[in-house]
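Each remark here refers to the structure printed beneath this line.
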Amino acid sequence: MKPDPQFFLKDHLSAKDVEHSGASLYDHLCNVEKILRICRCDDATCLAGLYHSIYGTSVFKHQTTNDRELIKSVIGERAEFLAWIFCNAKRPFCWFFGPHIPFEDGSFIRVDQKTLHDLHMIEGANMLEQHGGLVEIMSFASRTDSGAVRVGPLP
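Numbering (this note's numbering), first residue to last: 1403 to 1557.
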């Protein structure tokens, strides 16, 4: 049985003890996941959002762990792959190259359109969360019929 990803992040990886953007890393990561769920992203994308800086990023250098197999066992292979790409991408520069994402080490990875879309959603949720957008998106979602923001399907 897989551990609960939020509990694991908070207690096993001690994300509650790391500062991020004036709050705890744990709070930031949970809010990013919440934004992605409001936007009806799939479960793998939401879990990748929850773990989007677990290996450190080009902006947030703190590396909570480098154990990819451990993280796969908690959030699943696809979610971990999205989180790993996000952590290694040369952000925000990388988003201008379409499916060819440059990494901090100078290498590139080519991704399909769905993966690129999911990474863009994680970046958007990350930026919204850091700039007070959670309250606004929750307010907007509460005014919709379904209580969620609908992000249209990929072409």
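Cβ coordinates follow ideal geometry from the N, Cα and C atoms, glycine included. These figures come from a predicted structure and were not determined experimentally.
Shown here, Ser1460 sits in coil according to DSSP, grouped into three states, outside any helix or strand. The beta carbon of Arg1480 lies closer than 7 Å to those of Ala1446 in the same chain, with the five residues before and after it left out.
A direct Cα-Cα distance of roughly 11 Å separates Gln1515 from His1502.
Judged by DSSP in its simplified three-state form, Pro1407 adopts helix. CA-CA distance, Tyr1457 to Phe1498, rounds to 23 Å. Around the Cβ of Ser1455, a 10 Å sphere holds 16 or more other Cβ atoms; the residue is buried.
Cβ contact annotation for Thr1459 (same chain, cutoff 6 Å, sequence separation greater than five): Cys1489, in chain order. Going by DSSP, Phe1499 is part of no beta strand (DSSP E) at all; its letter is neither H nor E. The straight-line gap separating the alpha-carbon atoms of His1533 and Cys1441 is approximately 17 Å. Under the 10 Å beta carbon count, Val1461 is surrounded by fewer than 16 other beta carbons and is classified as exposed. Arg1512 sits in a strand when the DSSP states are folded into three classes.
Your pair Gly1451 and Ile1524 checks out as a contact, with CB atoms roughly 5 Å apart and the cut at 8 Å. The Cβ neighbour count for Phe1483, taken over all protein chains shown within 10 Å, is at least 16; the residue is labelled buried.
The alpha carbon of Ala1425 has as its nearest neighbour, out of Phe1495, Ile1473, Met1403, Glu1531, the alpha carbon of Glu1531. From the listed residues Arg1512, Ala1491, Gly1500, Leu1438, the smallest Cα separation to Glu1506 is found for Ala1491. Of all alpha-carbon atoms in Lys1436, Met1403, Phe1409, the one lying nearest the alpha-carbon of Glu1538 is that of Lys1436.
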